[in-house]
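Visitor: For the record, the sequence lines run as chains F and R. Going by numbering that gives the first Met the number 0, the first sequence opens with residue 0, and the numbers climb by one from there. Going by numbering that gives the first Met the number 0, the second sequence opens with residue 0, and the numbers climb by one from there.
2 protein chains.
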Amino acid sequence: MAKRDLRHLLRLPPGEPVDLAAHDPAATPGAPGGKHASLADAERMGKELAELQERLWAAGTAGDRRRVLLVLQGMDTSGKGGTVKHVIGHLNPSGCRIHAFKAPTAEELRHDFLWRVRKELPRPGEIGIFDRSHYEDVLVPRVRHLVPPAVTGSRYGQINDFERTLAEDGVTLIKCFLHLSYEEQRRRLLRRLDRPDKRWKFAPSDIGERALWPAYQEAYELALAHCATPPWYVIPADRKWYRNWAVGRLLLEHLRELDPKYPQPRLDPAEWRKRLLTET
Amino acid sequence: MAKRDLRHLLRLPPGEPVDLAAHDPAATPGAPGGKHASLADAERMGKELAELQERLWAAGTAGDRRRVLLVLQGMDTSGKGGTVKHVIGHLNPSGCRIHAFKAPTAEELRHDFLWRVRKELPRPGEIGIFDRSHYEDVLVPRVRHLVPPAVTGSRYGQINDFERTLAEDGVTLIKCFLHLSYEEQRRRLLRRLDRPDKRWKFAPSDIGERALWPAYQEAYELALAHCATPPWYVIPADRKWYRNWAVGRLLLEHLRELDPKYPQPRLDPAEWRKRLLTET
Chain F
0 MAKRDLRHLL RLPPGEPVDL AAHDPAATPG APGGKHASLA DAERMGKELA
50 ELQERLWAAG TAGDRRRVLL VLQGMDTSGK GGTVKHVIGH LNPSGCRIHA
100 FKAPTAEELR HDFLWRVRKE LPRPGEIGIF DRSHYEDVLV PRVRHLVPPA
150 VTGSRYGQIN DFERTLAEDG VTLIKCFLHL SYEEQRRRLL RRLDRPDKRW
200 KFAPSDIGER ALWPAYQEAY ELALAHCATP PWYVIPADRK WYRNWAVGRL
250 LLEHLRELDP KYPQPRLDPA EWRKRLLTET
Chain R
0 MAKRDLRHLL RLPPGEPVDL AAHDPAATPG APGGKHASLA DAERMGKELA
50 ELQERLWAAG TAGDRRRVLL VLQGMDTSGK GGTVKHVIGH LNPSGCRIHA
100 FKAPTAEELR HDFLWRVRKE LPRPGEIGIF DRSHYEDVLV PRVRHLVPPA
150 VTGSRYGQIN DFERTLAEDG VTLIKCFLHL SYEEQRRRLL RRLDRPDKRW
200 KFAPSDIGER ALWPAYQEAY ELALAHCATP PWYVIPADRK WYRNWAVGRL
250 LLEHLRELDP KYPQPRLDPA EWRKRLLTET
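1. Taking buried to mean at least 16 other C-beta atoms within 10 Å of its own C-beta, is G62/R buried or exposed?
2. Would you check if the region 162-177 of chain F and the region 33-41 of chain F touch, i.e. whether three or more CB-CB distances between them fall below 8 Å?
3. Name the DSSP beta bridge partners of P235/R, please?
4. Let's see if you can read the secondary structure: which residues bound the beta strand (DSSP E) around R66/F?
5. Answer yes if the region 103-112 of chain F comes into contact with the region 210-223 of chain F, meaning at least three C-beta pairs across the two stretches below 8 Å, and no otherwise.
6. Smallest Cα separation from W244/F: which of E42/F, A21/F and R3/F?
7. For chain F, is any of its Cβ atoms less than 8 Å away from the one on G80/R?
8. Spatial neighbours of D205/R within its chain, please: C-beta separation below 7 Å, excluding the five flanking residues on both sides.
9. Quick one: complete alpha helix (DSSP H) runs, 4+ long, within the region 2-74 of chain F?
10. How long is the line joining the alpha carbons of Y155/R and A224/R, rounded to whole angstroms?
11. Mind reading off the beta-carbon distance from L249/R to L51/R? Whole number of angstroms is fine, and I expect it under 8 Å.
12. Taking only beta-carbon positions, decide if P121/R is within less than 8 Å of chain F.
13. Under 6 Å Cβ to Cβ from R131/R, same chain only, skipping five residues before and after it: list those, please.
14. Pull out every residue of the region 60-76 of chain F whose Cβ sits closer than 8 Å to any Cβ of chain R, in chain order.
15. I'd like to know if K174/F contacts chain R, where contact means its C-beta is closer than 8 Å to some C-beta of that chain.
16. Pull the bridge partners of H98/R from the DSSP assignment, please.
17. Which value, in whole angstroms, describes the spacing of the CA atoms of H283/R and R115/R?
18. How is T151/F classed by DSSP in three states: helix, strand or coil?
19. Given a threshold of 16 other Cβ atoms within 10 Å of its Cβ, counted over all protein chains shown, does H7/R qualify as buried or as exposed?
20. Cβ closer than 7 Å: which chain R residues qualify as neighbours of G150/F?
21. Under DSSP, the alpha helix (DSSP H) around Y219/R begins and ends at which residues?
22. For I234/F, which of L179/F, V146/F and E119/F has the nearest alpha-carbon?
23. Within the 8 Å Cβ cut-off, does L249/F reach chain R?
24. How big is the Cα-Cα spacing for Y181/F and Q216/F?
25. Could you tell me how far apart the beta carbons of P203/R and L266/F are, in whole angstroms, since I believe they sit closer than 8 Å?
26. Keeping to the same chain, check which residues put their C-beta closer than 7 Å to that of R54/F; ignore five residues upstream and five downstream.
27. Since D196/R meets chain F, which of its residues come closer than 7 Å, beta carbon to beta carbon?
28. For the putative contact between R64/F and P121/F, defined by C-beta atoms under 8 Å, what is the C-beta separation to the nearest angstrom?
29. Just to confirm before moving on: does the CB-CB distance between R3/F and Y232/F stay below 8 Å?
30. Could you tell me how far apart the beta carbons of L251/R and M44/R are, in whole angstroms, since I believe they sit closer than 8 Å?
31. Determine the extent of the alpha helix (DSSP H) in which H85/R is found, giving its start and end residues.
32. What three-state label does DSSP hand T171/R in the structure shown?
33. From E256/R to V86/R, what distance separates their C-alpha atoms?
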């Protein structure tokens, strides 16, 4: 990994406690400049992302099992949905598998917490995007005391096993924590209330969750520290343009490293050309 | 439906035999002009499509069961994948459910042919896009004599029942046949052979399918005639810019007619504003 890679700047070092307060949600580490320059850079990235995705997909059709899974976690209004939309804007959606995890259904609760996650994994050649993920199961239940602490504790281990299995099966996992400030969430919730076309997004329960902000930050710190392989990236998310640029850039760096190749079919183009041109 | 609607121009009238040869694959019915004008018009449509989709999604969160399912059928290289990419470009992919149906797997073959289709249906508020669909099961098996004609015959009825059930459950089905000419397919296959980065898409079996072109056209004519409610739209597909514009336009016309509304939550914005501003 190149020293100047964004991965290098944003990754949490494994084996160390996580202190989210030490990360500024309004920072813009590694950005190619301000908003304008970053939007322009994201635009330029788009072309390369699209080509790398096509190569990944093409390789998948020829037996390459590799695929990518982008996991987005973050507090309400941190912009998980907006990030999905931005990233997909660069890609061919047919090669993507997007899933937004909601509160578990009655059926999902009857299974182990990874059951519903396994069903939504990207297939070889695909780029998967999770808006929330199996990490919800070490956050909400812990903060709301829905399960004993020992259960959350054992889930960290299950997640690590699960993610190691994924890696061994060719899945490159890119875990992004969209790091929003308490103040910026307030501004975003106020905006939802003020705009009649956004008010439907406002849920009074959002305020209740907000009161649990410190408990959520702590639950995140534990989850990020306990499940540190592959590493988490902490994405400052108060500025949408930075958040979008950074997630796109991380995806690009991982795809470049995978460097998938177009399959070279064993056929003689000249022969098939001739057949196409001489058919009746 | 307004007389000048594109739906009016492209729909096959129910109850009549279908003659695909009577439809020019290079025509551009209803286009706002040539390529340049149509691309500009598609750009303008994008904003309205995005807003209508958000309203559909928002209504879905408040109990509105309505959703849209865009079905794309057409011969190889007719541009189903390209159309998906274009249409999604206007939408929020998180509210879309895209599925590309391949040759049925062993497990899928053990079930009735609609089993795998039901699993991929859009949920309330979503826009589903099928790249191929249950119609494959009255095309390939018929052309390749994999099932007796009586089976295909009974499947038309099953499809009609299925699609009526969908309609009754709030699904607006938009069925598009991407109508490509034999000559244009030849050009597109030659291009795949000529470009090293596209050659992986070329399958020698494509040539075998091409030899069955008349049988496929006939199978399509029967399927389109037998399953005419909701109606099929025949999209001339030799010109990509027209195909993209037309499918986007059809989606727009259907969404306008659905006219989904943002839910009006029963809450007092002023009260919640105050709570957000006075919290510690």
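We put the CB at the ideal spot given by N, CA and C, even for glycine. Bear in mind that the values here come from a model prediction, so they are computed numbers and not experimental data.
Guide: Straight from the coordinates:
1. exposed
2. At 8 Å Cβ cutoff, the stretches do not touch.
3. H178/R
4. R66 to G73
5. The region 210-223 of chain F and the region 103-112 of chain F do not touch, with fewer than 3 CB-CB distances between them shorter than 8 Å.
6. E42/F
7. yes
8. Leaving aside the five residues that flank D205/R on each side, the residues in its chain whose CB is nearer than 7 Å to its CB run, in chain order, D75 and L188.
9. 5-9 and 34-60
10. 10 Å
11. Between L249/R and L51/R a beta carbon distance of about 13 Å is seen, past the 8 Å cut, so the two are scored as non-contacting.
12. Not one chain F Cβ lies under 8 Å of P121/R.
13. F100, listed in sequence order.
14. Within the region 60-76 of chain F, the residues whose Cβ lies closer than 8 Å to some Cβ of chain R are T60 and A61, listed in chain order.
15. no
16. F129/R
17. Residue 283/R is absent from the model: chain R starts at 0 and stops at 279.
18. helix
19. exposed
20. One point to set straight first is that residue 150/F is Val, not Gly, in the sequence displayed. Residues of chain R passing the Cβ test: none, with the nearest at roughly 30 Å.
21. W212 to H225
22. Looking from the CA of I234/F, the closest CA among L179/F, V146/F and E119/F belongs to L179/F.
23. no
24. 10 Å
25. At roughly 6 Å, the Cβ-Cβ gap stays under 8 Å, so P203/R and L266/F are in contact.
26. P259, K260 and Y261
27. Chain F residues near D196/R: Y261.
28. About 11 Å; that fails the 8 Å criterion.
29. no
30. With 8 Å as the limit, L251/R and M44/R qualify as a contact, their Cβ atoms being about 5 Å apart.
31. K79 to H89
32. Strand, per DSSP.
33. 18 Å
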